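**Q** Sharing a structure, written as structure tokens. Questions coming.
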Amino acid sequence: MTTMASVLDAREFRNACGGFSTGVTVISTRCGQGDHAMTANAFMSISLDPPLIAISIAGTARMLPRLRAAGAFAVSVLREGMEDIAWHFAGRPRLDGPAPFAELAGLPVIGDAASIFVADVHSEVAAGDHVIVIGHVHSMRRDPQARPLVFHGGRFASLPEVA
Numbered sequence: 000m001t002t003m004a005s006v007l008d009a010r011e012f013r014n015a016c017g018g019f020s021t022g023v024t025v026i027s028t029r030c031g032q033g034d035h036a037m038t039a040n041a042f043m044s045i046s047l048d049p050p051l052i053a054i055s056i057a058g059t060a061r062m063l064p065r066l067r068a069a070g071a072f073a074v075s076v077l078r079e080g081m082e083d084i085a086w087h088f089a090g091r092p093r094l095d096g097p098a099p100f101a102e103l104a105g106l107p108v109i110g111d112a113a114s115i116f117v118a119d120v121h122s123e124v125a126a127g128d129h130v131i132v133i134g135h136v137h138s139m140r141r142d143p144q145a146r147p148l149v150f151h152g153g154r155f156a157s158l159p160e161v162a
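Numbered continuously in numbering that gives the first Met the number 0, the sequence shown closes out at residue 162.
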């Protein structure tokens, strides 16, 4: 039987959370300092009416003040085979040449992503060492045939074929 520690070990907490499979996204924005992007898996839909999404960004991340300055952001949901793009924007560059940005509604996006959402910042919620940014989606596109890139247990994976 597994027991719960009275004080959580940060590494064990992170490992336990890593047991929850997620999609992989690239969060991007454009401000006076140019185009900026980061890999993130803390993304979710919040509301259908109005269409709201949320991302979670470390309070110390360079992306946070840039996103605030822009007042808008995009979320590109990566498809399988985009591991190099995910690593690139996670600070481990694996791409030869410039970032593969396209544009949607005036923001940089990963053009061949499975889905793309463009949102204006609706609100923020301080949450421990992170900030949850809620966005009001005004533009999107998706490829219904795309298979998502998945992250589980610290590794990228693909979903099996669905009959």
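Think of the CB as a built atom: it goes at the ideal place given N, C-alpha and C, for glycine as much as any other residue.
Quick caveat: nothing in here was measured; it's all calculated off a predicted structure.
Any heavy atom of the ligand COA closer than 7 Å to the beta-carbon of Gly80?
**A** The ligand COA is absent from the structure shown, which contains no ligand whatsoever.
**Q** Using 8 Å as the threshold, is the region 28-46 in touch with the region 83-96, meaning 3 or more CB pairs across them?
**A** Cβ pair count under 8 Å is three or more, so yes.
**Q** Spatial neighbours of Phe116 within its chain, please: C-beta separation below 7 Å, excluding the five flanking residues on both sides.
**A** Indexing the sequence shown from 1 puts residue 116 at position 117. Same-chain partners within the cutoff: Ile52, Ala73, Val74, Val136, Met139.
**Q** Quick one: grab the DSSP three-state call for Phe19.
**A** For the purposes of this step, residue 19 is taken as the residue at position 20 of the sequence shown. Looking at Phe19 - three-state DSSP - the assignment turns out to be coil, as it is neither helix nor strand.
**Q** Would the beta-carbon of Ser20 fall within 8 Å of that of His151?
**A** Position 21 of the sequence shown, counted from the first residue, corresponds to residue 20. Position 152 of the sequence shown, counted from the first residue, corresponds to residue 151. A contact, by the Cβ cut-off of 8 Å.
**Q** Helix, strand or coil: which one does DSSP assign to Pro64?
**A** Locating residue 64 in the sequence shown gives position 65, where the first residue counts as 1. Helix.
**Q** State the DSSP-derived secondary structure class of Ala85, mapped to helix, strand or coil.
**A** The residue you call residue 85 lines up with position 86 of the sequence shown. Three-state result, Ala85: helix.
**Q** Could you spell out where the beta strand (DSSP E) holding Arg141 opens and where it closes?
**A** To locate residue 141, count along the sequence shown from 1; it is residue 142. Element bounds for Arg141: 129-141.
**Q** Mind checking which residues open and close the beta strand (DSSP E) that includes Asp48?
**A** Sequence index remark: in the sequence shown, residue 48 carries index 49 (1-based). No beta strand (DSSP E) contains Asp48, which DSSP labels as neither H nor E.
**Q** Give me the residue from Gly110, Leu66, Arg10, Val23 with the minimum Cα distance to Gly134.
**A** For the purposes of this step, residue 134 is taken as residue 135 along the sequence shown, with counting starting at 1. Cα-wise, what sits closest to Gly134 is Leu66.
**Q** Using three-state DSSP, classify Ala98 as helix, strand or coil.
**A** Residue mapping note: residue 98 aligns to position 99 of the sequence shown, counting from 1. Here Ala98 sits in coil by DSSP.
**Q** How long is the line joining the alpha carbons of Gly110 and Asp142, rounded to whole angstroms?
**A** As a first step, residue 110 is located in the sequence shown; it is residue number 111 there, counting from the start. As a first step, residue 142 is located in the sequence shown; it is residue number 143 there, counting from the start. If I take the Cα positions, the gap works out to 11 Å.
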